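Engineer: Quick one: the structure is below, questions incoming.
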Amino acid sequence: MSNKEVKAALKSARDAIRNKEYKEVLKHCKAVLKQEKNNYNAWVFIGLAAAELEQLDQAKGAYRKATELEPDLLLAWQGLAKLYEKSNQTDLRKDLADVYQKLLQLYESGDKEKWYDVCNKLVDLYHQEKMYLEVSETCHKLIQVKQEDGAEKAELHQLWKKMIHLLKDSTQDQDNRTKQLLLTAFENAINSADDVTSEDHQNLYKDFIQYLLKLPHETTTLEKACYNMMSLYPTVCYPLEVLCLHFIQSGTLSEEALDYFSRLLELDAHNGLGVIGFGVKYLQEKKYREAVKSLSEGLHKTSCCPAAWRFLAEAQMRIHKHRDAVLSCNQALKALEASEDPGLQWKNCVLQLKAEALIETADADAAEEAIQALEEIVSASCDPVVLALRGRAYLNKGLMDQASKISQELLSSHTDLAESHALEGFIQYSQKNYIQAEGSFLNAIERKAEIAEYHLYLGLTYWFMSDETKKDKGKALTQFLKAAKLDTYLGRVFFYLGNYYRDIAGDKNRARGCYKKAFELDGTDEESGTAAVDLSVELGDMDTALSILNEVTAKASMGTAKWAWLQRGLYYLRAGQPSQAVSDLQAALRADPKDSNCWESLGEAYLSRGSYSTALKSFRKASELNPELVYSIYKAASVEQMLGKYENAIATYQQILRKAEDYVPALKG
1 MSNKEVKAAL KSARDAIRNK EYKEVLKHCK AVLKQEKNNY NAWVFIGLAA AELEQLDQAK
61 GAYRKATELE PDLLLAWQGL AKLYEKSNQT DLRKDLADVY QKLLQLYESG DKEKWYDVCN
121 KLVDLYHQEK MYLEVSETCH KLIQVKQEDG AEKAELHQLW KKMIHLLKDS TQDQDNRTKQ
181 LLLTAFENAI NSADDVTSED HQNLYKDFIQ YLLKLPHETT TLEKACYNMM SLYPTVCYPL
241 EVLCLHFIQS GTLSEEALDY FSRLLELDAH NGLGVIGFGV KYLQEKKYRE AVKSLSEGLH
301 KTSCCPAAWR FLAEAQMRIH KHRDAVLSCN QALKALEASE DPGLQWKNCV LQLKAEALIE
361 TADADAAEEA IQALEEIVSA SCDPVVLALR GRAYLNKGLM DQASKISQEL LSSHTDLAES
421 HALEGFIQYS QKNYIQAEGS FLNAIERKAE IAEYHLYLGL TYWFMSDETK KDKGKALTQF
481 LKAAKLDTYL GRVFFYLGNY YRDIAGDKNR ARGCYKKAFE LDGTDEESGT AAVDLSVELG
541 DMDTALSILN EVTAKASMGT AKWAWLQRGL YYLRAGQPSQ AVSDLQAALR ADPKDSNCWE
601 SLGEAYLSRG SYSTALKSFR KASELNPELV YSIYKAASVE QMLGKYENAI ATYQQILRKA
661 EDYVPALKG
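Numbering (the UniProt record's numbering), first residue to last: 1 to 669.
Structure follows, in structure tokens:
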């Protein structure tokens, strides 16, 4: 075939393409290739015809051959791009990206519109493949070329926004280069906006700040972005909320931070983060009750703040609300799980705090939960303080061998650690080895003199060691006073101070004050409440006694606070107010239906009220529960006599006399 015939065959192939006669195209081109096997146009035409006939492999091979023959000619590369774009084969996507890259090179010095079109396609392809670095670099290149070509500010603004849209939600999969390019995109988009008062611009600023929140090393940039947004939109809460959250998570509040919390509350008086901020401030100032109040109030409005839950748990621990602290720790862990970046250090800190709270409840079930929490702490086995907590949990659970093993390990490897000696002290104290416990607690105090609990337990050691150490002012009393000074919220120490002043010093007024303080600190401490009431009655101060009892019963739910209902019921009985006595004694029995003494007192109240039948039932119930209550049996007989049931009364009197021949009231009856 001559050169003239080759040209004619190629012309026929072109005509066949126009007529969509693709098999004819293949026939003409194959004839050409027999003569000229490296004919570029023939290979391109074969690629086009094979693609139309859905002979994809042949089309791909033909285009590839053409690109090898003439790598700087457009036609084959364009055909290859169209072929790959139509294909659903995922393995061709990388090949398509390479083709686009080649087309960009070929268009760069020529047709800029086509260069832009291919560049946009390449960006979308990279985004589909989650190749975020390539997305950022290609977008950046596109914008750079547009700038060099003198593109309008509005067009560039839209391109920066597109880049942001493609990348802002993929932070976890981005490398540092991508992050820096995206930060540049945000800054340029914000600065290139025509209308900075628009809602669109506000949302752009919000997206920028939200992205910065995901980058822990961009704190300075975050603060700057918040300040800039605040200056543009002084009535918008969002940047202030972000700054406040940032300060809360840092855990230390400067005067500047407090100013932002105040400004946020000025914009929104009920803003949760603003209230939380002042709660953290109170915590730093050791105003623990105020801290609990503010943090609780703030978290009621803004619950998804793990740092705030942790601070609330810490404040609750300081005032010895251990069960409340456990609940707050659980909320903190829940909030951490829901956050994008939970933070291992934060989680470990919360788990340790939870374990401490559970251990302080001194409950076997709580001890098991504490052990589970400690097991979740990463690298817990390397931390001697965590190990000491595990020892205390084992002790609370009654696993003495495991607790002792940990104690010995700590004493041999961390002898300078206060917690090592304290654990040994707790173990010896629980076994009533007071001499050994004394030495251990003294060693712990020598290393950490500021821990009130160590002084409390040293005081308790002296209290139970002997009468001599109990009475020695330099022993138990001194340690109790030190503990009370170090921790004014430690209710148990005030209870024992009350015991000392009542039983040793004989100072009932001071004792009553200590018991009252202990009960104010812990409203569930029945021993302190009862002692405060008893001493108030003994001192003739019924107003104080009733004040305490009224406060407890007002808060008590059904079936609780038996001691308070009983005490107040007995008071009303003595004061000649039987109806009130009946009501309170019934409430006490709802808490403990098997208290025979309470049934006996209820019988007396009914009797005083003139309700003889119900009085009889109450006395009988008391004697059923405790057959040794001779007085209840006697009162039942007495009521039967009053009701005219003489035979029953005689039989009951005789029953008493069989047990106690000289029981005078029965003989009289």
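Backbone N, C-alpha and C fix where the C-beta goes; we use that ideal spot for every residue, glycine too.
As the structure is a prediction and not an experimental result, all values here were calculated from the model.
1) DSSP three-state label for E376, please.
2) Rounded to a whole number of angstroms, what is the C-alpha to C-alpha distance between S583 and G569?
3) Indicate the three-state DSSP secondary structure (helix, strand or coil) for V275 in the structure shown.
4) Residues in its own chain within less than 8 Å of G251 by CB, not counting five upstream and five downstream?
5) Closest to P239 by C-alpha separation, out of F261, S254, L253, Y631, would be which residue?
6) Whole angstroms are fine: how far does the CA of Q105 sit from the CA of S2?
7) Taking only three categories from DSSP, how would you classify N176?
8) Below 8 Å between beta carbons: does that hold for I359 and L389?
9) Within the chosen definition, does the region 180-197 reach the region 134-152 through at least 3 CB pairs nearer than 8 Å?
10) Output needed for T553: all residues of its chain with C-beta closer than 7 Å, excluding positions within five of it in sequence on either side, in chain order.
11) Tell me whether M465 sits in a helix, a strand or coil according to DSSP, three-state version.
12) Output the distance between the C-alpha atoms of E413 and P384, rounded to the nearest integer angstrom.
13) Inspect the beta-carbon positions of V236 and L213 and report whether they are closer than 8 Å.
14) With a 10 Å radius around its C-beta and 16 neighbouring C-beta atoms as the bar for buried, classify R177 as buried or exposed.
15) Give me the Cα-Cα distance between S192 and M229, rounded to the nearest whole angstrom.
16) Applying the 10 Å Cβ sphere with the 16-neighbour rule, what's the burial state of D487?
17) Does DSSP put A581 in a helix, in a strand, or in coil?
18) When the distance is taken between beta carbons, is I46 closer than 8 Å to L26?
19) Is DSSP giving H163 helix, strand or coil here?
20) Specify, as a first and last residue, the run of the alpha helix (DSSP H) that T67 falls within.
21) Which residue comes first and which comes last in the alpha helix (DSSP H) that contains A193?
22) Note down the Cα distance separating G274 from Y288, rounded to an integer number of angstroms.
23) Is the beta carbon of K477 less than 8 Å from the beta carbon of Y454?
24) Have a look at L133, E527, E52 and flag the residue whose alpha-carbon is nearest the alpha-carbon of G498.
25) I'd like the list of long-range same chain contacts for K114, defined as Cβ closer than 6 Å, with 5 residues on each side in sequence excluded.
26) How would you label A651, buried or exposed, when you count the other beta carbons within 10 angstroms and need 16 or more for buried?
27) Count the other CB atoms within 10 Å of the CB of Q598; is the residue buried (16 or more) or exposed (fewer)?
28) Nearest CA to the CA of A367: which residue from C349, G391, S601, C382?
29) Let me know the secondary structure DSSP gives S328 once reduced to three states.
30) Taking C-beta to C-beta, are A291 and A313 nearer than 8 Å?
31) Below 8 Å on the Cβ atoms is my contact criterion, and I expect A605 with L573 to pass it. Report the Cβ-Cβ distance as a whole number of Å.
32) Can the beta-carbon of A357 be found closer than 8 Å to that of M317?
33) DSSP three-state call for E450: helix, strand or coil?
34) So, at 7 Å on beta carbons, what are the nonlocal neighbours of M642 in its own chain, with the 5 sequence-adjacent residues on each side left out?
Structural biologist: Looking at the coordinates:
1) Position 376 of the sequence shown, counted from the start, is the residue given in the question as residue 376. Taken through DSSP and simplified to helix, strand or coil, E376 comes out as helix.
2) Working through the sequence shown from its first residue, we reach residue 583 at position 583. Working through the sequence shown from its first residue, we reach residue 569 at position 569. One C-alpha to the other measures close to 8 Å.
3) Counting from 1 along the sequence shown, the entry for residue 275 is found at position 275. Reduced to three states, the DSSP call for V275 is helix.
4) The sequence position of residue 251 within the sequence shown is 251, counting from 1. Around G251, the same chain offers V280, A307, F311 as residues with beta carbons nearer than 8 Å, after the five sequence neighbours per side are excluded.
5) On the sequence shown, position 239 is the one that residue 239 refers to. P239 has its Cα closest to that of F261, out of F261, S254, L253, Y631.
6) Along the sequence shown, one-based indexing puts residue 2 at 2. Along the sequence shown, one-based indexing puts residue 105 at 105. If you take the alpha carbons of S2 and Q105, they lie about 36 Å apart.
7) Taking the first residue of the sequence shown as 1, we reach residue 176 at position 176. Reduced to three states, the DSSP call for N176 is helix.
8) As a position in the sequence shown, residue 359 is number 359, starting the count at 1. As a position in the sequence shown, residue 389 is number 389, starting the count at 1. Taking a C-beta distance under 8 Å as the contact criterion, I359 and L389 qualify as a contact pair.
9) Contact holds: three or more Cβ-Cβ distances are below 8 Å.
10) For the purposes of this step, residue 553 is taken as residue 553 along the sequence shown, with counting starting at 1. These residues qualify, in order along the chain: A561, A564, W565, R568.
11) Here residue 465 is taken as the residue at index 465 of the sequence shown, counted from 1. Helix at M465.
12) Position 413 of the sequence shown, counted from the first residue, corresponds to residue 413. Position 384 of the sequence shown, counted from the first residue, corresponds to residue 384. First, the amino acid is wrong: residue 413 is Ser here, not Glu. Cα to Cα, S413 sits roughly 9 Å from P384.
13) Here residue 236 corresponds to residue number 236 of the sequence shown, with the count starting at 1. Here residue 213 corresponds to residue number 213 of the sequence shown, with the count starting at 1. No, the pair does not count as a contact, with Cβ atoms beyond the cut-off.
14) Locating residue 177 in the sequence shown gives position 177, where the first residue counts as 1. R177 is exposed by the Cβ-count criterion.
15) What you label residue 192 is simply residue 192 of the sequence shown in a count that begins at 1. What you label residue 229 is simply residue 229 of the sequence shown in a count that begins at 1. Inter-residue distance for S192 and M229 is about 15 Å (C-alpha atoms, whole angstroms).
16) Your numbering for residue 487 matches position 487 in the sequence shown. Buried.
17) Sequence index remark: in the sequence shown, residue 581 carries index 581 (1-based). A581 falls in the helix class under three-state DSSP.
18) Looking up residue 26 in the sequence shown gives position 26. Looking up residue 46 in the sequence shown gives position 46. It is a contact, given that the beta carbons lie within the stated cut-off.
19) Position 163 of the sequence shown, counted from the first residue, corresponds to residue 163. Correcting the residue identity first, residue 163 is Met in this sequence and not His. In the three-state scheme derived from DSSP, where H, G and I count as helix and E and B as strand, M163 is classed as helix.
20) The residue you call residue 67 lines up with position 67 of the sequence shown. Unbroken alpha helix (DSSP H) run through T67: 56-69.
21) As a position in the sequence shown, residue 193 is number 193, starting the count at 1. Careful: A193 lies outside any alpha helix (DSSP H) and carries neither H nor E.
22) As a first step, residue 274 is located in the sequence shown; it is residue number 274 there, counting from the start. As a first step, residue 288 is located in the sequence shown; it is residue number 288 there, counting from the start. Each residue's CA atom was taken as its position, placing G274 and Y288 some 18 Å apart.
23) Here residue 477 refers to the residue found at position 477 when the sequence shown is read from its first residue. Here residue 454 refers to the residue found at position 454 when the sequence shown is read from its first residue. Reading the sequence as shown, one finds Leu at residue 477 and not Lys. Going by beta carbons, L477 and Y454 fall outside the 8 Å limit.
24) Within the sequence shown, the letter at position 498 stands for residue 498. Taking G498 as reference, the option from L133, E527, E52 with the minimal CA-CA separation is E527.
25) Here the question's residue 114 lines up with position 114 in the sequence shown. In chain order, Y107 place their CB closer than 6 Å to the CB of K114, counting only its own chain and leaving out the 5 sequence neighbours on each side.
26) As a first step, residue 651 must be located in the sequence shown, where it is residue number 651. Exposed, because fewer than 16 other Cβ atoms sit within 10 Å of the Cβ of A651.
27) Translated into positions along the sequence shown, residue 598 becomes position 598. What sits at residue 598 in the sequence shown is Cys, not Gln. Residue environment: C598 is assigned as buried (16 or more neighbouring CB atoms within 10 Å of its CB, all protein chains considered).
28) As a first step, residue 367 must be located in the sequence shown, where it is residue number 367. Closest option to A367, Cα to Cα, is G391.
29) Taking the first residue of the sequence shown as position 1, residue 328 is located at position 328. In the structure shown, S328 adopts helical secondary structure according to DSSP, grouped into three states.
30) Walking along the sequence shown from the start, residue 291 turns up at place 291. Walking along the sequence shown from the start, residue 313 turns up at place 313. Taking 8 Å as the Cβ cut-off, A291 and A313 do not qualify as a contacting pair.
31) Along the sequence shown, one-based indexing puts residue 605 at 605. Along the sequence shown, one-based indexing puts residue 573 at 573. Between A605 and L573 a beta carbon distance of about 5 Å is seen, short of the 8 Å cut, so the two are scored as contacting.
32) Along the sequence shown, one-based indexing puts residue 357 at 357. Along the sequence shown, one-based indexing puts residue 317 at 317. Yes, the Cβ-Cβ distance between A357 and M317 is below 8 Å.
33) As a position in the sequence shown, residue 450 is number 450, starting the count at 1. Looking at E450 - three-state DSSP - the assignment turns out to be coil, as it is neither helix nor strand.
34) As a working note, residue 642 is residue 642 in the sequence shown. Here the set comprises Y612.
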